[in-house]
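Contents: one structure, followed by commentary.
Residue numbers (full-length UniProt numbering), protein chains in the order written: chain A, 1 to 322; chain B, 1 to 324.
If you want it as structure tokens, here you go:
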């Protein structure tokens, strides 16, 4: 109970119980679980690096346009031009990572807050995607028929209902969780978000670290985009904008401080699950769907409040021990 | 964010207007429409631009004004209409998406003596109310109705309309028409409005459809209000294990959807022929401003047409060319 994730966990349990009571057993069935887990996996893969960035005191809004841009990169290279999928996938991932590098570099060099820098790159990538798509294919949507192998590993369904993205998400959780909590780089990230100047004075390569975190976030967004292209076998110029606020919401519900320096991978994962449950659970209940957004808003606020209460309890407990 | 995007929109339109102002007299036509990267609106824009070739030949210009996002659709579009007036438009084309928010702006267009055509949304009723020359577009209510009648005729008479943009007048009309069409044909229909957090995420739409199908196993027909949603709905149906039992019909289509119709994954697509909306509206206004030409037929309907397995190949050629 004294761990900072306790609040997130309780919020999750409360939301789960709420839907179990109001929706009945079907919410807890395999099909019901897959319904929110698939949504959680896609947001989750983006939310993890966004969480790391927020712990380090930065934000990345450009993911909203990197996701459709990478979907289209794959669809145009491997669908429209018919080159092997692996080339399209690598190009899409490289594109996302490159956008991340530009973000990190610009934040370091200009000192402009990352919120502003990434709004800039978001619009730039959006415009480039539209311009290049129309220039190359004459259309804003492109279809792709992936070969069975790539369809299976990136866009398949396990048991006919669990998107394979769920397993990739678990992979991301394992790697990023290890990096943040067990590797020295994790302490560097906390230090960066706590106090940038002291972190640099302590010998932490803050600039490289910042660029690296942005590259990770660009890469992850591109990965989600590639997955979407494989699942839906088509890509459009628009879409993906909802990921910006949804991922930030997941991270905040997960107990990461907007001001940086505090948060955990387990918290982000719990926050993502809570958000997705609330988002999807509404369809299993008998509520008027017109009021769906109200219930989503209210439940999210409750989850965050619970979180904050428990974080303070956790912090004050640990102070007493001294 | 909103403030910034509005600033960006103003800045870009100001630059475009600055360039347009250098053209010699003739018809400077402003077209207010959707986001240029919206798959459907890019086709309307293409039609407007193609008609613009003639406009340019005659010394005029065509300027496309679209919102950066759909978060505040009615208000943003009203602002674009006012921008068009301020920039000295000789004629304006605009959709009446959210009448409450946009009608005052359209009235200002007419108050300034600028010829106006309502297109895409609003119908002849809006054109009459706003003293517009004409309405070019499909009737949204009829479009939804056509889908309802079609699906019921195929034996899928328990319908669901997936509303991904609750509150927008045209989307509400699609769903209303669908429910009316399917009920009129002896079936039943309902509407599933999705929260704002789902807009633009195919996975969220797919999971919503699938969750609703699990809760309501009697549903065997799904109607979607955009091509992207149709694709997502098919995935949702497949994940609910109901492929082949639930028929999908949607507004608009793209290459992927035509493939789905060919592969029998989607029953039909309702086509409002957006290319003709942009093309005809601009051509008519250009003729009017330059030469006083008027079309006596009021309410130029460009749809609804139904694309299904019988005419899918002919449609595919237009998609390749970016005009359908």
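Virtual Cβ for every residue (Gly too), placed ideally from N, Cα, C.
For residue 188 of chain B, no alpha helix (DSSP H) run applies; the uninterrupted beta strand (DSSP E) run containing it begins and ends at 188-193, by DSSP. Judged by DSSP in its simplified three-state form, residue 235 of chain A adopts strand. Across the structure, residue 199 of chain A and residue 173 of chain A are spaced so that their CA atoms are roughly 26 Å apart.
For residue 38 of chain B, the residues of chain A that pass the 9 Å Cβ criterion are 140, 236, 237 and 238, in the order they occur in the chain. By the rule that beta-carbons nearer than 8 Å mark a contact, residue 35 of chain B touches chain A. About 36 Å separates the CB atoms of residue 253 of chain A and residue 78 of chain A; that is not less than 8 Å, and the two are not in contact. Cβ atoms of residue 300 of chain A and residue 278 of chain A come within 8 Å of each other, at about 6 Å.
Residue pairing by DSSP places residue 65 of chain B opposite B/32 in a beta bridge. Secondary structure of residue 200 of chain B (DSSP, three-state): coil. Secondary structure note for residue 78 of chain A: it is in no alpha helix (DSSP H), with a DSSP letter that is neither H nor E.
For residue 22 of chain A, same chain residues with a beta-carbon under 6 Å away, outside a window of 5 residues either side, are 285 in chain order. Counting only runs of at least 4 residues, the stretch 92-155 of chain B fully encloses the following alpha helix (DSSP H) elements, listed from N- to C-terminal order: 99-111, 123-129 and 140-153.
In chain order, 7 place their CB closer than 7 Å to the CB of residue 309 of chain A, counting only its own chain and leaving out the 5 sequence neighbours on each side.
In this structure the stretch 58-66 of chain A touches the stretch 117-135 of chain A; the number of beta carbon pairs closer than 8 Å is three or more.
Annotation for residue 274 of chain A: no beta strand (DSSP E) segment contains it, though the alpha helix (DSSP H) segment containing it runs 265-281.
Taken in chain order, the members of the stretch 215-233 of chain B whose beta-carbon sits within less than 8 Å of a beta-carbon on chain A are 215, 227, 228, 231 and 232.
Under the Cβ distance rule, residue 212 of chain B counts among the residues neighbouring chain A, one pair being separated by less than 8 Å.
Residues are counted here when their Cβ sits less than 9 Å from a Cβ of chain A; for the stretch 181-208 of chain B these are 191, 192, 193, 194, 195, 196, 197, 198, 199, 200, 201, 202, 203, 204, 206, 207 and 208, given in chain order. When secondary structure is reduced to three states using DSSP, residue 144 of chain A falls in the coil class, being assigned neither helix nor strand. Chain-order list of chain A residues neighbouring residue 166 of chain B: 290, by C-beta distance under 7 Å.
Counting along the chain, no alpha helix (DSSP H) covers residue 223 of chain B; the unbroken beta strand (DSSP E) around it starts and ends at 221-224. Just measuring C-alpha positions, the residue of B/286, B/236, B/69 and B/121 sitting nearest residue 63 of chain B is B/286. Look at residue 83 of chain A here: in three-state DSSP terms it is coil, with no helix or strand label. At a cut-off of 8 Å between beta-carbon atoms, residue 88 of chain A makes no contact with chain B. The C-beta of residue 265 of chain A has 16 or more other C-beta atoms within 10 Å across all chains shown, which makes the residue buried.
Residues of the stretch 246-262 of chain A with a C-beta less than 9 Å from any C-beta of chain B: 246 and 249, listed in chain order. Within chain A, the residues placing a beta-carbon under 7 Å from that of residue 241 of chain B are 160, ordered along the chain. With respect to residue 103 of chain A, residue 166 of chain B sits apart: the two C-beta atoms are not nearer than 8 Å. Bounds of any alpha helix (DSSP H) do not take in residue 250 of chain B; it lies within the beta strand (DSSP E) bounded by 247-251. Contact check for residue 257 of chain A against residue 142 of chain A fails: the beta carbons are separated by 8 Å or more. Residue 138 of chain A sits away from residue 318 of chain B, with the two beta carbons spaced by 8 Å or more.
For residue 81 of chain B, the enclosing alpha helix (DSSP H) begins and ends at 73-86. Rounded to the nearest whole angstrom, the CA to CA distance from residue 219 of chain B to residue 186 of chain B is 14 Å.
In this structure, residue 43 of chain A places its C-beta atom within 8 Å of the C-beta atom of residue 246 of chain A. By the CB criterion at 8 Å, residue 280 of chain A and residue 39 of chain A fall inside the cutoff. Per the coordinates, the alpha-carbon of residue 208 of chain B lies some 21 Å from the alpha-carbon of residue 144 of chain B.
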